[in-house]
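The sequence shown begins at 475 in our numbering and counts up one residue at a time. Glycine is no exception: its CB is placed at the ideal position from the N, C-alpha and C atoms. A quick write-up on the structure given underneath.
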Amino acid sequence: MGLKADKWIREMAQKHQMIEPFCEANIGKGVVSYGLSSYGYDIRVGREFKIFTNINSTVIDPKNFLEANVVDFIGDVCIVPANSFALARTVEYFKMPDNVLAICLGKSTYARCGIIVNVTPFEPGFEGHITIEISNTTPLPAKIYANEGIAQVLFLQGDEQCDTTYKDKKGKYQKQTGITLPRILK
């Protein structure tokens, strides 16, 4: 399994729409950086957020998630409350090749502020926007800047083709748009 370089990422984005919209340069002046890097792609966070709230004093249940647990927010800057959590989505829409797995890691700019970004792997054959999990681990409110970098995606090409892709198994988050809350297949 090999880590893919900028040339491969550029070609897959331009010829196969693996990343749309695709930013060929790494933009970093005056913003949290985003775009193509040497061995990855820095994704941007969109303007839509779902901020967790305890107003209704409910329990978070991944098998029966209540939308009352989040407050919707749209804007250029999202304030994540102290010791709290928000969901967002990428600006970019991904179409993963059938022999490639992507791993996403938070950006150091946010990590150095106590903001942890978690995104699960993009499986072979996955298509859609990526839902981003943002944790503010600090005792202070934290700013998240929309349309700027939030995490870096690394692409790993398999040595052989997998038997079943995410598309083949009709994954529950396939072709998601917007911020997708937890789902359980029934």
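Tell me which residue opens and which closes the alpha helix (DSSP H) that residue i is part of.
{"i": "residue 522", "result": "Not the alpha helix (DSSP H): residue 522 falls in the beta strand (DSSP E), residues 514 to 526."}
{"i": "residue 481", "result": "480 to 490"}
What's the C-alpha gap between residue i and residue j?
{"i": "residue 529", "j": "residue 607", "result": "20 Å"}
{"i": "residue 497", "j": "residue 619", "result": "18 Å"}
{"i": "residue 545", "j": "residue 572", "result": "36 Å"}
{"i": "residue 578", "j": "residue 525", "result": "21 Å"}
{"i": "residue 650", "j": "residue 602", "result": "5 Å"}
{"i": "residue 561", "j": "residue 504", "result": "24 Å"}
{"i": "residue 531", "j": "residue 538", "result": "15 Å"}
{"i": "residue 614", "j": "residue 558", "result": "10 Å"}
{"i": "residue 513", "j": "residue 502", "result": "16 Å"}
{"i": "residue 552", "j": "residue 510", "result": "25 Å"}
{"i": "residue 491", "j": "residue 594", "result": "21 Å"}
{"i": "residue 612", "j": "residue 556", "result": "6 Å"}
Following the continuous beta strand (DSSP E) through residue i, name the residue where it begins and the one where it ends.
{"i": "residue 569", "result": "558 to 569"}
{"i": "residue 653", "result": "That residue, residue 653, is in no beta strand (DSSP E); it is neither H nor E in DSSP."}
{"i": "residue 584", "result": "Segment 582 to 585 is the alpha helix (DSSP H) holding residue 584; no beta strand (DSSP E) there."}
Can you tell me whether residue i is buried or exposed? The criterion is at least 16 other CB atoms within 10 Å of its CB, across all chains shown.
{"i": "residue 640", "result": "buried"}
{"i": "residue 541", "result": "exposed"}
{"i": "residue 626", "result": "buried"}
{"i": "residue 487", "result": "buried"}
{"i": "residue 481", "result": "exposed"}
{"i": "residue 563", "result": "buried"}
For the 8 Å Cβ check, are there 3 or more pairs between the region 507 to 524 and the region 632 to 640?
no
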